[in-house]
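Take 70 as the starting number for the sequence shown in the working numbering and just add one per residue.
Cβ atoms here follow ideal geometry from the backbone N, Cα and C, with glycine treated the same way.
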Amino acid sequence: MELTAMAAAVASISENHSILIYGPPKSGKTRLVATAAKIPEIRRIYWFDLENGVETLLNMGLTPEEMAKVVVFKLPDTRENPVGIETMLKVFSSRTPVRICDAHGIVGCVECAKAGASFSSICLRDCKHDELVVVDSGSQLGDSALNGACKGQDVAYKLQLDDYGTAGKWLADILSVVQQAQWTNFVFITHELVDEEEINGVKRDKIFPLMGSKTFCRKVAKYFGTVAYTHMKLGKHAA
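The structure is reproduced here in structure tokens:
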């Protein structure tokens, strides 16, 4: 396709976007993203909650109409049960709707199916420009990927090079979908990694989005169209 033809094609459709919000704890990341529910043009928000951020949503003064826009997928991710990476890989790779049980955050949960428990569904390929997919947080998703790579090992097991490689591939598979923003809009929330690096013989701290290994953290931002850093300034949230 010639560039002129591509420009015409892009101009004829609504553009999707991907955003990364990162910063220290309690700097207003989740609250900032949740204000998307106040935007009239946003019809639906699919919120993947790996860190119980839904508590913020429930206590920030959203109206019933604004809260009704948000579909929450609770993913109770732990070291022994890395459901976060397992579920997210299926969501981001499936071409058909994915059913996630509300109790455990598991795709196609057999236990909940037998009990007749509730499920929530999503298909990224059916999402539109007026919808938003939120992952809270990418930091916990990175931990989940590392835990998933060594699942079944003893608690004292030390990660090997292959484990880091596997976790990095899983995260890259998910973020490559975000990078394209082909079907809808994405927002990832992460914490920060403060790492020292040397530039021209001078050592200084540099802040990276925290997701997975230190090596992967250094390239996370490249997958997003917009990157914002949140912090506290004079006792107030700033970005």
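Would DSSP call residue i helix, strand or coil?
{"i": "Asn326", "result": "No answer is possible for residue 326: the residues shown for the chain start at 70 and end at 308."}
{"i": "Glu124", "result": "helix"}
{"i": "Ile108", "result": "coil"}
{"i": "Ser245", "result": "helix"}
{"i": "Pro151", "result": "coil"}
{"i": "Glu84", "result": "coil"}
Based on Cα-Cα distance, which residue from the options lies nearest to residue i?
{"i": "Ser190", "options": "Gly97, Thr132, Phe117, Ile108", "result": "Phe117"}
{"i": "Lys159", "options": "Pro145, Lys143, Gly177", "result": "Gly177"}
{"i": "Lys95", "options": "Ala236, Pro166, Thr295, Glu124", "result": "Glu124"}
{"i": "Tyr233", "options": "Arg273, Ser213, Lys302", "result": "Ser213"}
{"i": "Arg99", "options": "Leu126, Ile169, Pro278, Glu266", "result": "First, the residue type needs correcting, since residue 99 is Thr and not Arg in the sequence shown. If we check each option's Cα against that of Thr99, Leu126 comes out closest."}
{"i": "Tyr292", "options": "Val256, His300, Lys283", "result": "Val256"}
{"i": "Ile13", "options": "Ile169, Asp199, Gly92", "result": "Given that the chain is displayed from residue 70 to residue 308, the structure contains no residue 13 and the question cannot be resolved."}
Run the CB neighbour count on residue i, radius 10 Å, all protein chains shown included, and call it buried at 16 or more, exposed below.
{"i": "Ala250", "result": "buried"}
{"i": "Cys192", "result": "exposed"}
{"i": "Met280", "result": "buried"}
{"i": "Thr299", "result": "buried"}
Inset, instruction - Output the residue ranges of the beta strand (DSSP E) runs that lie fully inside the stretch 196-230 and measure 3 residues or longer, sorted by chain position. - result: Runs found: 200-205.
Legend entry - Given 8 Å, three or more beta-carbon pairs between the stretch 127-144 and the stretch 94-111: Contact holds: three or more Cβ-Cβ distances are below 8 Å.
Inset, instruction - Kindly confirm or deny that the stretch 143-161 and the stretch 215-225 touch, where touching means at least three C-beta pairs closer than 8 Å. - result: Output reads yes: the stretch 215-225 touches the stretch 143-161.
Inset, instruction - Please determine if the stretch 173-187 and the stretch 135-153 are in contact, where contact requires at least 3 C-beta pairs separated by less than 8 Å. - result: A contact exists between the stretch 173-187 and the stretch 135-153.
Inset, instruction - State whether the stretch 133-149 contacts the stretch 227-244, with contact taken as three or more CB pairs (one from each stretch) at a distance under 8 Å. - result: Contact fails between the stretch 133-149 and the stretch 227-244, because fewer than three Cβ pairs, one in each stretch, are under 8 Å apart.
Inset, instruction - Flag this pair as touching only if the stretch 275-294 and the stretch 233-242 have three or more C-beta atom pairs under 8 Å; answer yes or no. - result: Touching, per the Cβ criterion.
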